[in-house]
Amino acid sequence: MIFKLKPACKDYLWGGHRLAEEYGIEYDGEILAEAWALSAHPDGPSIITNGEFAGKTLREYLDAEGLEVLGTHCRRFREFPILTKFIDAKDDLSIQVHPSNAYALQNEGQYGKTEMWYILDAEPNAFLYYGFKDAISKEEFVRRIKENTLLDVLYKVPVQKGDMIYIESGTLHAIGKGILLAEIQQNSNVTYRIYDYGRIGADGKKRDLHIEKALDVTNRTPIIKSSANYPHVADCDYFTVDKLDLDGKLTYRTQGTVDEKSFLSILILDGRGTISNKGEKLEYKKGDSFFLPADSGDWQIEGICDALLTTIREKANPIRVGVNIGSSEIQIGIVNDQQKILDVKKYPTNAKRPAKEIIDETAENILKILAENNIPLEQCVGVGVGVPGTIDRRNGKVIYSNNIRWEDVPLTKQLGEVIPCPVRIANDADCAALGEAVAGAGKNFSDVVMFTLGNGVGGGIILNGEIFEGGIIGGSEVGHQVIRVNGRLCTCGRKGCLEAYVSIPALLKSAKQVSGREINLDEIFELVKNENVEMTEVIEQYILMLGQGLVNIVNMFRPQLILLGGAMSAYAKNFIEPLEDILQEDSFGGSHAPIPKISIAELGNDAGMIGAANL
Numbered sequence: 010m011i012f013k014l015k016p017a018c019k020d021y022l023w024g025g026h027r028l029a030e031e032y033g034i035e036y037d038g039e040i041l042a043e044a045w046a047l048s049a050h051p052d053g054p055s056i057i058t059n060g061e062f063a064g065k066t067l068r069e070y071l072d073a074e075g076l077e078v079l080g081t082h083c084r085r086f087r088e089f090p091i092l093t094k095f096i097d098a099k100d101d102l103s104i105q106v107h108p109s110n111a112y113a114l115q116n117e118g119q120y121g122k123t124e125m126w127y128i129l130d131a132e133p134n135a136f137l138y139y140g141f142k143d144a145i146s147k148e149e150f151v152r153r154i155k156e157n158t159l160l161d162v163l164y165k166v167p168v169q170k171g172d173m174i175y176i177e178s179g180t181l182h183a184i185g186k187g188i189l190l191a192e193i194q195q196n197s198n199v200t201y202r203i204y205d206y207g208r209i210g211a212d213g214k215k216r217d218l219h220i221e222k223a224l225d226v227t228n229r230t231p232i233i234k235s236s237a238n239y240p241h242v243a244d245c246d247y248f249t250v251d252k253l254d255l256d257g258k259l260t261y262r263t264q265g266t267v268d269e270k271s272f273l274s275i276l277i278l279d280g281r282g283t284i285s286n287k288g289e290k291l292e293y294k295k296g297d298s299f300f301l302p303a304d305s306g307d308w309q310i311e312g313i314c315d316a317l318l319t320t321i322r323e324k325a326n327p328i329r330v331g332v333n334i335g336s337s338e339i340q341i342g343i344v345n346d347q348q349k350i351l352d353v354k355k356y357p358t359n360a361k362r363p364a365k366e367i368i369d370e371t372a373e374n375i376l377k378i379l380a381e382n383n384i385p386l387e388q389c390v391g392v393g394v395g396v397p398g399t400i401d402r403r404n405g406k407v408i409y410s411n412n413i414r415w416e417d418v419p420l421t422k423q424l425g426e427v428i429p430c431p432v433r434i435a436n437d438a439d440c441a442a443l444g445e446a447v448a449g450a451g452k453n454f455s456d457v458v459m460f461t462l463g464n465g466v467g468g469g470i471i472l473n474g475e476i477f478e479g480g481i482i483g484g485s486e487v488g489h490q491v492i493r494v495n496g497r498l499c500t501c502g503r504k505g506c507l508e509a510y511v512s513i514p515a516l517l518k519s520a521k522q523v524s525g526r527e528i529n530l531d532e533i534f535e536l537v538k539n540e541n542v543e544m545t546e547v548i549e550q551y552i553l554m555l556g557q558g559l560v561n562i563v564n565m566f567r568p569q570l571i572l573l574g575g576a577m578s579a580y581a582k583n584f585i586e587p588l589e590d591i592l593q594e595d596s597f598g599g600s601h602a603p604i605p606k607i608s609i610a611e612l613g614n615d616a617g618m619i620g621a622a623n624l
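For what it's worth, the numbering used here labels the leading residue of the sequence shown as 10, then goes sequentially.
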């Protein structure tokens with residue numbers, strides 16, 4: 010699938026008309042300063058010109074198909090990650106700076122901007138500004154802005170066709186007149202203007218300056234130009250750019266593959282020929298822009314071609330945050346790419362409070378724990394939250410949670426208003442199961458079922474390494490399978506559920522009935538160890554009921570491993586062997602079919618945080 014894009018056009022006062030005259034950009038106005046060739050930004054989305062989405066904006070395509078078309082490396086972004094432009098500077102652009110993600114999100118409600126420029130053409134003696142000649146103090150910076158002497162301390166970089174300049178957020182910069190370039194940048198339109206030559210805008214007034222914000226974000230030390238991105242033209246966490254050159258003679262064809270990891274953007278700087286993918290062939294010319302969604306497969310370009318190819322690579326040294334919201338305590342953990350918890354913050358839930366208050370406090374504490382560990386916000390690729398109750402994962406809502414008194418709470422939306430990376434949620438038991446599957450006792454298995462045996466009976470089903478949810482909201486409730494018709498009344502209102510027989514309260518109730526007194530778990534298993542007949546029968550009945558629940562799950566899902574977690578897992582070594590005997594005897598196929606191993610969960614309370622971080 011190949012999409013050809015029509016750019017959004019901008020008529021900023023410093024622009025020329027070369028993009029229309031030389032690059033074939035369709036435009037009727039006198040000034041064409043910028044052509045946003047690949048854009049899903051609301052200030053100027055590009056338009057698809059071919060296929061079933063012809064006439065739709067790139068944003069509308071993404072809304073229809075979902076962000077999955079961007080690839081797995083883009084899961085860490087909440088929006089389309091880049092914006093690609095042609096820029097024609099007939100006159101000098103203002104001296105400006107772009108903020109970091111953290112600053113921009115806090116102050117502007119959108120991402121900051123790191124960008125790169127590829128020089129397409131430059132008049133003789135053309136130059137651009139790129140940081141400072143020497144380090145200066147904030148006081149001198151302020152003074153020179155007031156005195157209009159800022160240009161005296163800026164670093165002027167002469168440029169020519171083929172040069173590349175990488176501009177990290179916080180770098181003061183400006184394009185000089187007579188320069189034509191292609192720009193690949195983060196998908197942001199946040200710019201702080203510092204100096205504008207006293208120019209008058211279309212409204213007859215001097216254009217706004219953003220001095221205070223610029224002072225906050227500008228790096229006042231010289232920028233060292235580096236070629237460390239070799240063999241790429243540019244390479245950073247936000248984009249990887251490669252150069253394609255076909256001379257039409259010695260080299261007239263190239264090919265590649267768009268896999269599931271990233272989309273491919275092709276910006277044609279010069280040339281003419283054809284681009285093809287899966288039997289579809291389109292012509293290209295100078296100034297064209299193409300978008301191939303992730304997993305589009307093999308593509309081929311033939312002809313004369315000078316182009317920039319942009320993809321998104323995996324983020325270097327990512328961390329994620331896992332949050333476990335319980336009825337009494339909230340746990341927040343920083344998890345690295347080795348599935349290790351680097352730090353944990355715990356505090357009371359105080360569940361009687363409004364949900365919004367709890368969510369805001371959680372967001373504040375996420376930012377705090379990152380700051381306390383000197384981890385930039387940009388390093389966090391996602392936040393996952395485990396919540397007890399019925400969860401609508403697709404829409405990021407807590408439908409109902411009796412434990413924390415929540416109903417119809419848009420958790421991901423509210424948390425995402427403060428946290429700038431993607432937020433995902435799931436049932437807390439599902440998170441614990443996922444945590445054990447990726448980092449605990451189940452890490453060597455792709456299909457795992459976990460039973461959490463505590464005050465209730467929860468659990469999660471992991472199939473092919475992912476949480477099994479089914480086709481409707483709610484996910485799996487392994488504790489609410491009926492194992493005895495018209496049996497004991499369960500907390501859910503039904504009779505005969507597994508939870509009514511193998512939760513800790515159910516076991517303590519059975520023990521009290523035979524002993525005639527209140528008795529705790531340690532005493533129960535001590536009596537069994539000492540061969541107390543009555544208590545041995547209680548545990549045997551407990552194992553029988555739990556075994557039936559395990560058999561039901563094995564017959565339906567055929568997992569490779571069953572894990573026992575929760576508070577009862579501390580005693581589980583006493584009944585793993587008899588449970589395996591029950592599976593062998595009662596599972597469909599018996600000895601003729603493989604029977605899953607039963608193990609004890611390893612991660613304890615960490616499982617929920619690690620699992621949430623992996624959502």
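By construction, the Cβ of each residue, glycine as well, lies at the ideal position given by its N, Cα and C atoms.
Source: prediction; values computed, not measured.
Identified DSSP bridge partners for residue i
i	result
A17	W45
E124	I176 and Q194
S410	W415
V267	G306
E650	The displayed coordinates of the chain run from 10 to 624. Any statement about residue 650 would go beyond what the structure contains.
R262	E311
H26	Bridge partners of H26: none, in fact.
M459	G469 and L572
L76	Answer is none; L76 lacks a bridge partner.
C506	V491
Extent of the continuous alpha helix (DSSP H) to which residue i belongs
i	result
E311	E311 -> not in any alpha helix (DSSP H); beta strand (DSSP E) instead, spanning G306 to T320.
K155	K147 to E156
P54	Note, P54: premise wrong, no alpha helix (DSSP H); not H, not E.
V547	V542 to F566
V106	Taken as a continuous stretch (DSSP letters only), V106 belongs to no alpha helix (DSSP H), being part of the beta strand (DSSP E) at I104 to V106.
K165	Premise fails: K165 lies in the beta strand (DSSP E), L163 to P167, not in any alpha helix (DSSP H).
S519	I513 to S524
Short Cβ contact (8 Å threshold) for residue i with residue j
i	j	result
A111	P385	yes
Y139	V166	yes
T319	S285	no
I321	T249	yes
R433	G391	yes
G280	L255	yes
L129	K170	yes
G484	I400	yes
G60	F136	no
V491	G468	no
Same chain, Cβ closer than 8 Å to residue i, five either side skipped, listed in chain order
i	result
L218	R202, I203, Y204 and D205
S337	P357, T358 and A360
I367	I334, I339, T358, N359, A360 and I413
T66	A49, P54, S55, I56 and I57
F584	I548, Y551, I552 and L555
Contacting residues, own chain, Cβ-Cβ under 7 Å from residue i (five flanking each side not counted)
i	result
K422	G405
P419	G405 and K406
S197	A113, Q119, Y120, G121 and K122
A223	V106, Y201 and I203
Cβ-based neighbour list, residue i, same chain, cut-off 6 Å, excluding 5 preceding and 5 following
i	result
S236	Here the model assigns S236 a pLDDT of 49, short of 50, so the residue's position is not dependable and the matter cannot be decided.
R262	E311
F62	Y70
N623	L443 and V447
V427	A372
Limits of the beta strand (DSSP E) - the one that residue i falls within
i	result
D251	T249 to D256
G395	C389 to V396
A435	V432 to N436
Q340	E338 to N345
L351	I350 to P357
N116	Taken as a continuous stretch (DSSP letters only), N116 belongs to no beta strand (DSSP E), being part of the alpha helix (DSSP H) at N110 to N116.
I607	K606 to I609
Any chain C beta carbon closer than 8 Å to residue i
i	result
D456	The chain labelled as chain C is not found in the depicted structure, where only one protein chain is given.
query = Counting pairs of beta carbons, one from the region 84-104 and one from the region 40-49, are three or more of them closer than 8 Å?
reply = The region 84-104 is in contact with the region 40-49.
inquiry  = I'd like to know if the region 264-281 and the region 68-86 are in contact, where contact means that at least 3 CB-CB pairs between them fall below 8 Å.
reply    = The region 264-281 is in contact with the region 68-86.
key: Stretch pair the region 108-128 + the region 295-315: three plus CB contacts closer than 8 Å   = At 8 Å Cβ cutoff, the stretches do not touch.
Sufficient close CB pairs (3 or more, under 8 Å) joining the region 602-614 to the region 568-575 = With the cut-off at 8 Å, the region 602-614 and the region 568-575 touch.
task = Tell me, please, whether the region 449-459 touches the region 553-572 by the rule of three or more beta-carbon pairs shorter than 8 Å.
result = Three or more beta-carbon pairs drawn from the region 449-459 and the region 553-572 are found closer than 8 Å, and the two stretches are therefore classed as touching.
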